[in-house]
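Shown next, in structure tokens, is the structure this report addresses.
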Amino acid sequence: MTRISEEAAPTRHDATATRPSYGRIGRLRYLIWLCAIYLVIQVMSVVWPLWIASLLGGLGCYAVATVRRVRDLGLSSWFALLLGLPLVSLVLLVLPGTRASNRHGDAPAPASRKEWALALVLLITTLALLVVTWIVVIGPAWAHYSAATAA
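So the numbering used here is basically just the index in the sequence shown, starting at one, shifted up by 15.
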């Protein structure tokens with residue numbers, strides 16, 4: 016019988032390195048994901064087939080980000096189904112995650128200055144795009160609807 020040395024012993028596999036749906040993300044990284052997904056879908060909406068593909072991909076990324084954020088709160092991944100609605104997911108931006116390790120992994124690393132800058136740029140861009148969308152698309156459509164129903 017041979018004895019396995021410590022160097023040859025198998026090491027624990029880190030699932031977060033190879034599977035992006037594992038692990039936890041904090042509030043700022045969740046905000047970055049939400050803004051980036053929205054911007055990609057809006058930019059791709061110029062061309063109909065690209066919009067459909069970006070919407071499907073965006074929903075997948077949104078699901079992964081929401082599951083990871085729910086895990087940061089120490090909850091089961093199934094709660095992502097309840098909190099996966101767009102307006103309800105704003106709750107995930109407000110509630111702080113658990114500071115210590117939980118059953119889903121170690122606490123996320125603190126956000127760097129680059130992440131804060133990226134979040135600020137993405138948030139401003141997202142809000143500006145929302146305003147432009149309202150002015151260019153929704154505002155005139157609402158005015159046309161109001162005029163048509165008043166007559």
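C-beta atoms are modelled at their ideal positions from N, C-alpha and C, and glycine is treated no differently.
Bear in mind that the values here come from a model prediction, so they are computed numbers and not experimental data.
At a Cβ threshold of 7 Å, is residue i touching chain D?
i	result
residue 94	You won't find chain D in this structure, because it holds only one protein chain.
If you check the beta carbons only, do residue i and residue j fall under 7 Å apart?
i	j	result
residue 133	residue 47	yes
residue 42	residue 138	no
residue 123	residue 40	yes
Can you tell which of the options has the C-alpha that lies nearest to the C-alpha of residue i?
i	options	result
residue 125	113, 136, 118	113
residue 119	142, 130, 90	90
residue 82	137, 104, 127, 58	104
residue 88	71, 121, 102	121
residue 148	61, 45, 38	61
Going straight from the alpha carbon of residue i to that of residue j, what length do you get?
i	j	result
residue 69	residue 49	14 Å
residue 77	residue 100	10 Å
residue 156	residue 150	10 Å
residue 31	residue 95	Per-residue confidence for residue 31 stands at a pLDDT of 46, beneath the threshold of 50, marking its modelled position as unreliable; the derived number appears in the next sentence. Distance between the alpha carbons of residue 31 and residue 95: 18 Å.
residue 97	residue 142	26 Å
residue 71	residue 106	23 Å
residue 66	residue 58	8 Å
residue 163	residue 152	17 Å
residue 3	residue 140	The displayed coordinates of the chain run from 16 to 166. Any statement about residue 3 would go beyond what the structure contains.
residue 158	residue 128	43 Å
residue 38	residue 135	24 Å
Pop quiz: residue i and residue j are said to be a contact at Cβ under 8 Å. What is the actual Cβ separation, rounded to whole angstroms?
i	j	result
residue 84	residue 92	Not quite, the Cβ-Cβ distance comes to about 10 Å (not below 8 Å), so this is no contact.
residue 54	residue 144	7 Å
What does a CB cutoff of less than 7 Å around residue i pick up in its chain, not counting 5 residues either side in sequence?
i	result
residue 3	Nothing about residue 3 can be read from this structure; the chain reaches only from 16 to 166.
residue 45	80, 84, 107, 108
Given residue i, which residues of its chain have a CB within under 8 Å of its CB, disregarding the five upstream and five downstream residues?
i	result
residue 130	43, 44, 47
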